[in-house]
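Only one structure is covered here, and it is reproduced in the block below.
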Amino acid sequence: MSIKIGTYTFSGKLFLAPMAGITDLPYRQICRHYGAAHTVSEMLSSDSTLQKSRKTQQRAINLDEPEPRATQLVGTEADVMAKAARLNETNGANIIDINMGCPAKKVCNKAAGSALMRDTKRVQEILSAVVAAVQIPVTLKIRSGWAQNQRNALEIAKIAEESGITSLAIHGRTRNQAYTGYAEYETIRQIKHSISIPVIANGDVCNAADAQFILDYTSADALMLGRITQGQPWIFKQINDNLETGLSPQTIDPNEKIETLLWHIDAIHRHYGTDQGVRIARKHIGWYLFRLIGQKQTLLQLLKKEIFTISQPDEQLSVLEKHLRKLLMTRELD
Ligand SMILES: Cc1cc2nc3c(=O)[nH]c(=O)nc-3n(C[C@H](O)[C@H](O)[C@H](O)COP(=O)(O)O)c2cc1C
Numbered sequence: 001m002s003i004k005i006g007t008y009t010f011s012g013k014l015f016l017a018p019m020a021g022i023t024d025l026p027y028r029q030i031c032r033h034y035g036a037a038h039t040v041s042e043m044l045s046s047d048s049t050l051q052k053s054r055k056t057q058q059r060a061i062n063l064d065e066p067e068p069r070a071t072q073l074v075g076t077e078a079d080v081m082a083k084a085a086r087l088n089e090t091n092g093a094n095i096i097d098i099n100m101g102c103p104a105k106k107v108c109n110k111a112a113g114s115a116l117m118r119d120t121k122r123v124q125e126i127l128s129a130v131v132a133a134v135q136i137p138v139t140l141k142i143r144s145g146w147a148q149n150q151r152n153a154l155e156i157a158k159i160a161e162e163s164g165i166t167s168l169a170i171h172g173r174t175r176n177q178a179y180t181g182y183a184e185y186e187t188i189r190q191i192k193h194s195i196s197i198p199v200i201a202n203g204d205v206c207n208a209a210d211a212q213f214i215l216d217y218t219s220a221d222a223l224m225l226g227r228i229t230q231g232q233p234w235i236f237k238q239i240n241d242n243l244e245t246g247l248s249p250q251t252i253d254p255n256e257k258i259e260t261l262l263w264h265i266d267a268i269h270r271h272y273g274t275d276q277g278v279r280i281a282r283k284h285i286g287w288y289l290f291r292l293i294g295q296k297q298t299l300l301q302l303l304k305k306e307i308f309t310i311s312q313p314d315e316q317l318s319v320l321e322k323h324l325r326k327l328l329m330t331r332e333l334d
């Protein structure tokens with residue numbers, strides 16, 4: 001069964017999880033290429049004074065992206081969030097996603113992100129205000145709660161449904177867990193059986209077996225993949241193929257991995273410009289190299305050391321390509 005959000009029907013069950021500083025335009029493009037059925041922008045502050053900053057512009061959706069373009073907002077005040085939602089709708093967003101899952105201190109100290117889950121009255125006010133402010137679907141992303149003994153995701157889920165939220169993504173960890181321990185899916189299962197809007201399960205989906213297990217266990221309508229996609233966007237294709245055919249995930253041709261990596265790094269250079277692009281590309285290069293030669297720690301460290309000192313985009317690409325082609329010839333790529 002395909003998942004619907006508002007009038008949008010998604011062809012697959014694997015969504016890309018929003019990750020600040022990571023899921024920029026090039027990242028969303030490469031993940032969609034490999035079969036991510038839906039992507040969301042990096043979170044934007046609802047503070048209108050920041051709307052014109054370079055960072056906000058770089059993080060925003062791009063009108064060339066296919067519909068539905070989803071913008072994620074983070075904030076504290078219902079009226080400010082509503083105003084930001086309206087502005088983003090005017091600027092081309094087709095879906096507004098509200099972030100109540102981020103555990104970051106700088107977000108939580110302002111009672112935004114997952115801190116909001118402790119204040120159900122405010123949750124209700126924000127959700128209702130944002131839904132009323134726009135014509136487009138509003139979705140919500142939450143955690144299982146604030147702490148182990150404060151897991152109120154089910155209560156929030158019901159508030160969300162009553163407030164007109166169109167779909168709900170749940171990361172099966174509490175705020176206090178941050179990214180430690182393991183995600184749990186029991187809360188997600190209970191929510192799925194208690195509300196009627198689509199539910200998207202999130203947390204520690206690492207391979208096709210996890211994906212199938214979590215879909216079966218929770219009956220969620222879709223899954224969101226985050227960290228596992230870093231340096232291997234092709235994982236969307238591998239898991240999708242497995243979900244569709246039941247066969248073991250196909251290996252991806254190493255030549256294709258190299259082409260993908262080079263395309264991605266070049267797209268980062270173009271998106272951010274020379275200086276910033278080269279710097280931002282480094283973390284992605286690190287992740288790709290880890291996926292490609294992670295078993296060979298010494299080699300990995302040597303390559304990173306050489307490539308991370310380069311400050312020119314063309315050189316960054318050519319040195320990377322030279323090493324990868326050499327590793328391909330000596331059959332050292334995974
Ligand atoms: C570096 C990083 C940045 C993140 N930024 C956001 C964000 O901006 N908005 C959000 O809702 N979640 C954010 N998350 C949480 C992810 O969307 C996701 O819920 C979490 O990583 C668990 O999924 P995973 O186990 O598949 O990585 C972020 C996670 C990471 C690791």
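Our numbering applies: residue 1 is where the sequence shown begins, and numbers increase by one.
Quick reminder that beta carbons are idealized off the backbone N, C-alpha and C, glycines included.
Being a predicted model, the structure only gives us computed values, none of them experimental.
For residue j and residue i, believed in contact at Cβ under 8 Å, the rounded distance
| i | j | result |
| --- | --- | --- |
| Val123 | Met100 | 7 Å |
| Val131 | Ser167 | So it is not a contact: roughly 13 Å between Cβ atoms. |
| Glu42 | Arg59 | 5 Å |
| Ala208 | Leu243 | 7 Å |
| Asp334 | Leu302 | Not a contact, Cβ separation roughly 17 Å. |
| Arg175 | Ala147 | 7 Å |
| Ser114 | Arg151 | Not confirmed; about 12 Å, so no contact. |
| Pro68 | Tyr8 | 5 Å |
| Cys31 | Phe236 | 6 Å |
| Thr218 | Tyr179 | That belief does not hold up - the Cβ atoms of Thr218 and Tyr179 are roughly 20 Å apart, past 8 Å. |
| Asp241 | Pro249 | 6 Å |
| Glu332 | Lys304 | About 15 Å separates the two Cβ atoms, so there is no contact after all. |
Contact under 7 Å by Cβ, residue i with residue j
| i | j | result |
| --- | --- | --- |
| Ala17 | Met224 | yes |
| Ala112 | Gly75 | yes |
| Ile170 | Leu140 | no |
| Ile61 | Ala93 | yes |
| Asp119 | Val40 | no |
| Ile195 | Ala157 | yes |
| Met19 | Gly145 | no |
| Ala183 | Asp210 | no |
Reference residue i; option with closest CA among the options
| i | options | result |
| --- | --- | --- |
| Val349 | Ala115, Ser311, Gly6 and His323 | In this structure the chain extends from 1 to 334, so residue 349 is not present and cannot be described. |
| Val199 | Thr187, Asp314, Lys83 and Arg32 | Thr187 |
| Ala160 | Lys192, Val40 and Lys237 | Lys192 |
| Asp314 | Arg282, Ile285 and His269 | His269 |
| Arg189 | Asp241, Asn202 and Gly181 | Asn202 |
| Cys206 | Asn176, Gly181 and Ile239 | Ile239 |
| Gly286 | Lys326, Ile235, Gly231 and Lys296 | Gly231 |
| Glu155 | Leu116, Thr9 and Ala281 | Leu116 |
| Arg335 | Ser53, Ile136 and Glu65 | No information on residue 335 is available, as it lies outside the stretch 1 to 334 that the chain covers here. |
| Lys83 | Gln250, Ala133 and Lys326 | Ala133 |
| Gly277 | Leu25, Leu324, Met19 and Ser11 | Leu25 |
| Gln336 | Asp275, Ala183, Glu306 and Lys296 | Absent from the model: residue 336. The displayed extent of the chain is 1 to 334, so no value can be given. |
| Phe10 | His38, Ile22, Gly21 and Thr23 | His38 |
| Lys283 | Thr23, Leu247 and Gly246 | Thr23 |
| Lys13 | Leu63, Ala70, Arg325 and Gln212 | Gln212 |
| Asp335 | Asp64, Pro66 and Leu73 | Nothing can be reported for residue 335: it is not among the residues displayed for the chain, which extend from 1 to 334. |
| Thr71 | Asp64, Leu63, Thr298 and Asn88 | Asn88 |
Chain-order list of residues whose beta-carbon lies under 8 Å from that of residue i (same chain, five-residue window excluded)
| i | result |
| --- | --- |
| Asn255 | Leu328 |
| Ser128 | Ala78, Ser163 and Gly164 |
| Glu321 | Ile258 and Leu262 |
| Leu300 | Leu289, Phe290, Ile293 and Gly294 |
| Val319 | Glu306, Ile307 and Ile310 |
| Gly181 | Arg173 |
Proximal residues to residue i (C-beta, below 6 Å), its chain only, five neighbours per side dropped
| i | result |
| --- | --- |
| Thr90 | none |
| Ile280 | Ile268 and Tyr272 |
Start-to-end residues for the alpha helix (DSSP H) that takes in residue i
| i | result |
| --- | --- |
| Leu190 | The amino acid occupying residue 190 in the given sequence is Gln; Leu does not appear at that position. Glu186 to Lys192 is the extent of the alpha helix (DSSP H) around Gln190. |
| Thr56 | Arg54 to Arg59 |
| Asn352 | There is simply no residue 352 to check, as the chain begins at 1 and stops at 334 in what is shown. |
| Pro313 | Pro313 to Met329 |
| Cys31 | Leu25 to His33 |
| Met43 | Note, Met43: premise wrong, no alpha helix (DSSP H); not H, not E. |
Extent of the continuous beta strand (DSSP E) run through residue i
| i | result |
| --- | --- |
| Ile142 | Val138 to Gly145 |
| Asn176 | No beta strand (DSSP E) contains Asn176, which DSSP labels as neither H nor E. |
| Ile5 | Ile3 to Ile5 |
| Thr9 | Tyr8 to Phe10 |
| Leu14 | Leu14 to Leu16 |
| Thr71 | Ala70 to Val74 |
| Met100 | Ile95 to Met100 |
| Met224 | Ala222 to Leu225 |
| Ile200 | Val199 to Asn202 |
Beta carbon proximity, residue i to chain D, threshold 7 Å
| i | result |
| --- | --- |
| Ala208 | Note that chain D does not occur in the displayed structure, where there is just one protein chain. |
Own chain partners of residue i with C-beta closer than 7 Å, once the 5 adjacent residues on each side are dropped
| i | result |
| --- | --- |
| Leu317 | Leu262, Ile265 and Asp266 |
| Asp221 | Ile3, Pro198, Val199 and Ile200 |
| Tyr34 | Pro233, Trp234, Phe236 and Lys237 |
| Ile228 | Val205, Cys206 and Ile235 |
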